[in-house]
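> Before anything else, here's the structure in question.
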Amino acid sequence: MNKSTLQALVLIPIALMTASCAGKGGRVTQLDAAGATFPLPYYTEAFKAYEELSGIHVNYGAVGSGGGIRSLKDEVVDFAASDAFLSDEELAEMPREVIHIPTCMGAVVIAYNCPEITSLQLTGEIIANIYLGKITRWNDPAIAAINPDQKLPDKEISPVYRSDGSGTTNVFSDYLTKVSPDWAAQIGTGKSLKWPTGMAAKGNPGVAGVIAQTDGALGYVGSEYSFSLDIPTAKVQNQAGNFVLPSLESISAAAAGEVAPDTRQMITNSAHPEAYPISCLTWLITYKDLSYSNHSEAEATETARLLNWMLSDKAQAITSQIHFAPLSPEMLAAAKAQLAQLTYGGNPIDLTSSPKE
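Residues -22 to -1, 1 to 335 (mature numbering (1 follows the signal peptide of the UniProt record, and there is no 0)) make up the sequence shown, in order.
Now the structure itself:
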């Protein structure tokens, strides 16, 4: 995604439109979805490519992971997008059984606006203490100790956080909970948190915009938002003690290891020595049986075909073009096994005529 497109996403609020698919039994020309802003750059490109192949437009409202799950729960979308998988408790609250289809992997980066700093290294503990209000200035001794080559300014740090229910926040706070006992005890993990300090902004575009416009700001965003807007990002110390930038290789390294059969797993704070420690999966989530809320069989079939295409070689290749990473072969296999469970009225959905690559 180019810089001008990303800037438009930052400046223009994205509203969820609820235009429906074709009437029951009619030809389907549109699918409706809502959710995470983190993978929006990837989904924008992938859904555009899918429309060129299939003629099916995906109307995606980037309202945050929490908003997407609520829309699915209210049965007003064909699928939701989230960077936070549903917990067992959340699954029990859904009106019917759901499945998670991972689509790609990405990184939550620590972006900052401090022109005096040309390169920055941070530990998880320092990041936690900034958001806890314990570290408030850029020349704090803890930051200076691991950045000896930088002339750190005596300037206030302005942390920025998400105001909406956010899978990105869930990933970020999951990482901090693993590396900071103080964070674990005081804040914990979640899509919406009670922040002790900082400035609130809606969506990844909103957080990126505030950072870009605020001298001294620091915040957590999806990698594409910082890269496309030329916002510097910090190297973050991983579990092995190495300071790592997000990249295709370091994100992929974070996913090395066993795969949960239902794909619900976090990959933050990986023990792999080359892993970027705030890496994550992101999912498209839908009901296992797609005959809900008067959905036609045609609508169900087109939903399943889109999800199937998102696991194709062509869709996976798009990930690395915009600072995401493709699924590992093991995760891809698990995702396809989940997809095979989709039904309409209890009957399997035919995917044989899915768009070709």
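All C-beta atoms in this analysis are idealised placements derived from N, C-alpha and C, irrespective of residue type, glycine included.
Which residues does DSSP list as the beta-bridge partners of R140?
By one-based count along the sequence shown, residue 140 stands at place 162. Bridge partners of R140: A179.
> Taking only the alpha-carbon atoms, compute the straight-line gap between D56 and R74 and give it to the nearest angstrom.
If you number the sequence shown from 1, residue 56 lands on position 78. If you number the sequence shown from 1, residue 74 lands on position 96. About 14 Å.
> Taking L223 as the reference, give the member of A190, M244 and S204 with the closest Cα.
The residue given as residue 223 occupies position 245 in the sequence shown. Ranking A190, M244 and S204 by Cα distance to L223 puts S204 first.
> In terms of alpha-carbon separation, which member of L196, I256, N286 and P255 lies closest to P93?
Residue mapping note: residue 93 aligns to position 115 of the sequence shown, counting from 1. For the residues L196, I256, N286 and P255, the minimum Cα distance to P93 belongs to L196.
> Using only the alpha-carbon positions, how far apart do P239 and S306 sit?
Position 261 of the sequence shown, counting from 1, holds the residue named residue 239. Position 328 of the sequence shown, counting from 1, holds the residue named residue 306. One C-alpha to the other measures close to 14 Å.
> Among the candidates A123, E252 and Q316, whose CA atom is the shortest distance from the CA of N220?
As a first step, residue 220 is located in the sequence shown; it is residue number 242 there, counting from the start. Out of A123, E252 and Q316, E252 has the C-alpha closest to the C-alpha of N220.
> Please classify Q191 as buried or exposed, where buried requires at least 16 other C-beta atoms within 10 Å of its C-beta.
As a position in the sequence shown, residue 191 is number 213, starting the count at 1. Classification of Q191: exposed, given that the 10 Å Cβ count is below 16.
> Under a Cβ-count criterion, where at least 16 other Cβ atoms within 10 Å of its own Cβ denotes burial, should R5 be classed as buried or exposed?
Translated into the one-based positions of the sequence shown, residue 5 becomes position 27. Answer is exposed; the Cβ neighbour count stays below 16.
> Would you mind working out which of E308, E227, K169 and P17 sits nearest C82, comparing C-alpha positions?
Position 104 of the sequence shown, counting from 1, holds the residue named residue 82. For the residues E308, E227, K169 and P17, the minimum Cα distance to C82 belongs to P17.
> Taking D193 as the reference, which of A59, P333, L329 and P137 has the closest Cα?
Position 215 of the sequence shown, counted from the first residue, corresponds to residue 193. Of the listed residues, the one whose Cα sits closest to D193 is P137.
> Which residue from T297, P255 and A89 puts its Cα closest to that of D152?
For the purposes of this step, residue 152 is identified with residue 174 of the sequence shown, where counting begins at 1. Taking only the C-alpha atoms, the option nearest D152 is P255.
> Please identify the residue among D328, A293 and S332 whose C-alpha is closest to the C-alpha of E23.
Taking the first residue of the sequence shown as 1, we reach residue 23 at position 45. The option with the nearest alpha carbon to E23 is A293.
> Less than 9 Å separating the beta-carbons of V87 and L50?
For the purposes of this step, residue 87 is taken as the residue at position 109 of the sequence shown. For the purposes of this step, residue 50 is taken as the residue at position 72 of the sequence shown. No, Cβ-Cβ distance for V87 and L50 is not below 9 Å.
> Taking the alpha helix (DSSP H) that T297 falls in, what are its first and last residues?
In the sequence shown, residue 297 corresponds to position 319, counting from 1. It spans D291 to T297 - the alpha helix (DSSP H) in which T297 sits, taken as one unbroken run.
> Please state whether the Cβ-Cβ distance between G44 and S170 is less than 9 Å.
Walking along the sequence shown from the start, residue 44 turns up at place 66. Walking along the sequence shown from the start, residue 170 turns up at place 192. Taking 9 Å as the Cβ cut-off, G44 and S170 qualify as a contacting pair.
> Does DSSP classify L317 as helix, strand or coil?
Locating residue 317 in the sequence shown gives position 339, counting from the first residue. The answer is helix: DSSP assigns L317 an H, G or I state.
> Check whether the Cβ atoms of W161 and I135 sit closer than 9 Å, and answer yes or no.
Start at 1 with the first residue of the sequence shown, and residue 161 comes out as number 183. Start at 1 with the first residue of the sequence shown, and residue 135 comes out as number 157. The answer is no: Cβ separation not under 9 Å.
> Taking all protein chains shown into account, decide if S331 is buried (16 or more other Cβ within 10 angstroms of its Cβ) or exposed.
Within the sequence shown, numbered from 1, the residue matching residue 331 stands at position 353. Exposed: under 16 other Cβ atoms inside 10 Å.
> Which of the three DSSP states is assigned to G111 in this structure?
If you number the sequence shown from 1, residue 111 lands on position 133. In this structure, G111 counts as coil in the three-state DSSP scheme.
> Whose C-beta lies closer than 6 Å to the C-beta of S230 among residues of the same chain, with five residues either side of it excluded?
One-based indexing of the sequence shown puts residue 230 at position 252. Excluding residues within five positions, the ones whose Cβ falls inside 6 Å are A303.
> Find the nearest neighbour of L69 within the set T264, A186, S97 and Y270, judged by alpha-carbon distance.
Position 91 of the sequence shown, counting from 1, holds the residue named residue 69. Ranking T264, A186, S97 and Y270 by Cα distance to L69 puts T264 first.
> Quick one: Cα of G200 to Cα of N182, how far?
Residue 200 sits at position 222 when you count from the first residue of the sequence shown. Residue 182 sits at position 204 when you count from the first residue of the sequence shown. C-alpha separation (whole angstroms): 7 Å.
> In whole angstroms, what is the alpha-carbon distance linking I34 and T7?
Counting from one through the sequence shown, the residue named residue 34 turns up at place 56. Counting from one through the sequence shown, the residue named residue 7 turns up at place 29. I34 and T7: Cα-Cα distance of roughly 5 Å.
> In the DSSP assignment, find the alpha helix (DSSP H) that holds A89 and state where it starts and stops.
As a working mapping, residue 89 is identified with position 111 in the sequence shown. It is not in any alpha helix (DSSP H) - A89 instead sits in the beta strand (DSSP E) that spans V76 to Y90.
> Closest by CA to P174, which one among D267, A278 and K112?
Locating residue 174 in the sequence shown gives position 196, where the first residue counts as 1. Checked all of D267, A278 and K112; the closest Cα to P174 is K112.
> Is the CB-CB distance between P241 and A313 below 9 Å?
Taking the first residue of the sequence shown as position 1, residue 241 is located at position 263. Taking the first residue of the sequence shown as position 1, residue 313 is located at position 335. The sequence given here has Thr at residue 241, not Pro. Cβ atoms of T241 and A313: closer than 9 Å.
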